[in-house]
Amino acid sequence: MKVAVVPGDGIGEEVVPVAEAALRRLHPEWDYFPVEVGYGRWKRCGAAIGAEELRALREADAVLFGAVTTPPDPDYRSVIVMLRKDLGLYANLRPVRGPGVDLTIVRENTEGLYSGIEWELPGSACTLRVVTEVGSRRIARFAAARAKGRRLTIGTKANVLKSDALFRRCAVEEAEAAGVEWEEKYIDALCLDVLMHPAHYAVVVTTNIFGDILSDAAASLVGGLGLLPSANIGDDHALFEPVHGSAPDIAGKGIANPVAALRSAAMLLDHAGDREGAAAVEAAVENTLGAGMKTPDLGGSATTVAFGEAVLERLG
Ligand code: NAI
Ligand code: MG
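Residue 0 is where the sequence shown starts when you use numbering that gives the first Met the number 0, and the numbers rise one by one after that.
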């Protein structure tokens, strides 16, 4: 396995080394190589990613990614949004698990409101929301396969948006074809209901921005952003990253919660076919939290490094 390691910016540089250490502990034989991407690189040399970095990411079997800062600079394009498109990572898988919650949000990752087609005019700005039949069927099939034997919820605003009416039709047809039990909800009502009745939900499929918002909201069910991992999966590439961003408010303090990054590493292991390793990382994280070790976001006083060491110890 060739694993590209991209810490990125802010707390990415603190939590990714913890996740990388866990992978190295279980798979010292894999080839790990660092790749510099992000705002730091942009400040240093004027581009958030270069051709060489892009090639390195394309050559990797899996990417372990931290987070990148996207500054409010009009010339700056979000590098993670670009990478998801460039590597064809059409499925963003965001499991939200905790007591009474076992929900996976499957977010379309390459089109919708994040298609990148936008322009400014005097006094207005326009962002095009492109939803294609190919893209919608592809993500719906992916979600339906994950939902086998459980319920698939389709979240849209099909009552208002033509783009979502198309998405809805494709998702319903693919769910029917896959033979999974499905239901649909409007995304605003769904956001509330997921928080009120989380146990009802198993797999939710939705478009790009709605999935982005829903997953951050759902994070509140299980203790916040510091705990949530994600996988970005395509036919040829896969990238694993915490749901959270670079958290400039706590960056450099050594107190970022590395659990989301560790769980992202577990998803990487699972994707690589090492179910046992994935379960071992999950269990080590659970046991560490269960023993009362917590970073400040969870009300504790553990540092990122101390938490990571406790997890590594449990990995043996
Ligand atoms: P954020 O997720 O970085 O932070 C939101 C809040 O959650 C902050 O108060 C932060 O301290 C806290 N938090 C997040 N992760 C944490 C962790 N592991 N441990 C403890 N506390 C944690 O989102 P925000 O503030 O909206 O964005 C900051 C920067 O990150 C922006 O430049 C944004 O563009 C970027 N970003 C990048 C993402 C990516 O690379 N995929 C995703 C989301 C945001
Ligand atoms: Mg987000």
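Every residue, glycine too, gets a C-beta built ideally from N, C-alpha and C.
{"Item": "Continuous beta strand (DSSP E) stretch holding G299: start and end", "Value": "Premise fails: G299 is in no beta strand (DSSP E) and is neither H nor E."}
{"Item": "Where L181 falls, given that 16 or more other Cβ within 10 Å makes a residue buried", "Value": "Residue 181 is actually Trp in this sequence, not Leu. Buried."}
{"Item": "From A198, I208, A201 and V171, residue whose alpha carbon lies closest to that of I186", "Value": "I208"}
{"Item": "Span separating the alpha-carbon of F32 from that of E19", "Value": "10 angstroms"}
{"Item": "N- and C-terminal bounds of the alpha helix (DSSP H) containing W41", "Value": "Y38 to C44"}
{"Item": "Among P257, H270 and D8, the one whose alpha carbon lies nearest that of V284", "Value": "P257"}
{"Item": "Distance CB(V80)-CB(V5) smaller than 8 angstroms", "Value": "no"}
{"Item": "A278 to A124 span [Cα, whole Å]", "Value": "47 angstroms"}
{"Item": "Own chain residues within Cβ distance below 7 angstroms of G7, not counting five before or after", "Value": "V36, G37, F64, G65, A66, V67 and S245"}
{"Item": "Three-pair Cβ contact test at 8 angstroms for the stretch 249 to 264 versus the stretch 291 to 299", "Value": "yes"}
{"Item": "Span of the beta strand (DSSP E) around K1", "Value": "K1 to G7"}
{"Item": "Identity of the residue in L238, G11 and K1 nearest D248 by Cα", "Value": "G11"}
{"Item": "E240 Cβ short of 7 angstroms to ligand 1 heavy atom set", "Value": "yes"}
{"Item": "Rounded separation between V2 and P121 - CA only", "Value": "46 angstroms"}
{"Item": "Residues that W118 bridges to, as DSSP identifies them", "Value": "C125"}
{"Item": "Rounded Cβ spacing between A217 and V95 (contact assumed at less than 8 angstroms)", "Value": "5 angstroms"}
{"Item": "Selection from T206, K161, E175 and L151 that minimises the alpha carbon distance to E183", "Value": "L151"}
{"Item": "Contacts around L261, its chain only, beta-carbon distance under 7 angstroms, and the 5 residues preceding and following it disregarded", "Value": "V17, A18, A21, V280, V284 and V310"}
{"Item": "Distance, V193 Cα to W339 Cα", "Value": "The structure shown does not extend to residue 339, since the chain is modelled only from 0 through 315, so no value can be given for it."}
{"Item": "Near ligand 1: P73 beta-carbon under 7 angstroms from a heavy atom", "Value": "no"}
{"Item": "C-alpha distance - L213 paired with C190, whole-angstrom precision", "Value": "6 angstroms"}
{"Item": "Backbone secondary structure at E308 - three-state DSSP", "Value": "helix"}
{"Item": "Alpha-carbon to alpha-carbon, S229 and S77", "Value": "18 angstroms"}
{"Item": "Counted within 10 angstroms of its Cβ, other Cβ atoms place I170 as buried (16 or more) or exposed", "Value": "Just to set this straight, residue 170 is Ala in the shown sequence, not Ile. Looking at its Cβ environment, which holds 16 or more other Cβ atoms inside 10 Å, A170 is buried."}
{"Item": "Closest by C-alpha distance to N286, when choosing among D273, E51 and G307", "Value": "G307"}
{"Item": "Pick from L127, G39, C44 and G154 that is closest to E107, judged by C-alpha positions", "Value": "G154"}
{"Item": "Cβ-heavy atom distance, H236 to ligand 1, below 7 angstroms", "Value": "no"}
{"Item": "Segment limits, beta strand (DSSP E) that includes T155", "Value": "R150 to T155"}
{"Item": "Straight-line Cα distance separating L82 from R43", "Value": "20 angstroms"}
{"Item": "Between the CA atoms of E110 and G134 - distance to the nearest angstrom", "Value": "8 angstroms"}
{"Item": "Any non-hydrogen atom of ligand 1 within 7 angstroms of D296 CB", "Value": "yes"}
{"Item": "For G111: DSSP bridge partner residues", "Value": "V129"}
{"Item": "Heavy atoms of ligand 1 versus C-beta positions, residues under 5 angstroms", "Value": "A66, V67, T68, T69, I79, L224, G225, H243, G244, S245, A246, D248, I249, A255, N256 and D296"}
{"Item": "Span of the alpha helix (DSSP H) around G11", "Value": "G11 to L25"}
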